[in-house]
Amino acid sequence: MATRLLLKLTLLLSCSVALGSSDFAIQRTCEPIRIELCRGIGYNETSLPNLVGHELQTDADFTLQTFSPLIQYGCSKQLKFFLCAAYVPMCTPKGFGFPWPSALDCNRFPEENNHEHMCMQGPGEPTDGVIMISKNDR
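Using this note's numbering, the first residue of the sequence shown is number 6, and each one after it goes up by one.
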């Protein structure tokens, strides 16, 4: 009797570990984008959870609103697309099967906009309104 109970507990534990494993394929469902900021950016459906673990679009929307001043400042025309891609990702029913690359770890990017790390022109962006700084200007 004790052996049977131990066997059942072992089986239950191994199933729960397998389900919690990052290698376990999660079947995702697509849903229409309901976040106003991310409408009309090139795709119209998303699937969650996103890169930061939000499981609801309302949570992603709340976080995206904190970036509003940066978007309004107009530092980069690609900023809105980047933020939407991270917080309201394009729908991929099975995901891509790999984690976020460590080379794109957000901790590697500057935390603030200062004289060491100013806004810069992205490819295909006009220079209007973009502050260009060279080492001689400092």
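No residue lacks a Cβ here, since even glycine has one placed at the ideal position from N, Cα and C. Since we're looking at a predicted model, the values are computed, not measured.
Unbroken alpha helix (DSSP H) run spanning residue i, endpoints
i: A91; result: L84 to Y92
i: Y48; result: Careful: Y48 lies outside any alpha helix (DSSP H) and carries neither H nor E.
i: P74; result: S73 to Y78
i: L69; result: Q62 to Q70
Closest by C-alpha distance to residue i, when choosing among the options
i: L88; options: L42, G58 and I38; result: L42
i: S52; options: Q62, G45 and I46; result: Q62
i: T68; options: D110, I40, K82 and Q77; result: I40
i: G58; options: C80, S107, L75 and P94; result: P94
i: A90; options: L56, C80 and S73; result: L56
CB contact flag (residue i, residue j, <8 Å)
i: C96; j: E50; result: yes
i: A65; j: Y48; result: no
i: K85; j: I38; result: no
Helix, strand or coil at residue i [DSSP, three-state]
i: S26; result: With a pLDDT of only 40 at S26, under 50, the local geometry of the prediction cannot be trusted, and no value is derived from it.
i: P37; result: strand
i: F114; result: coil
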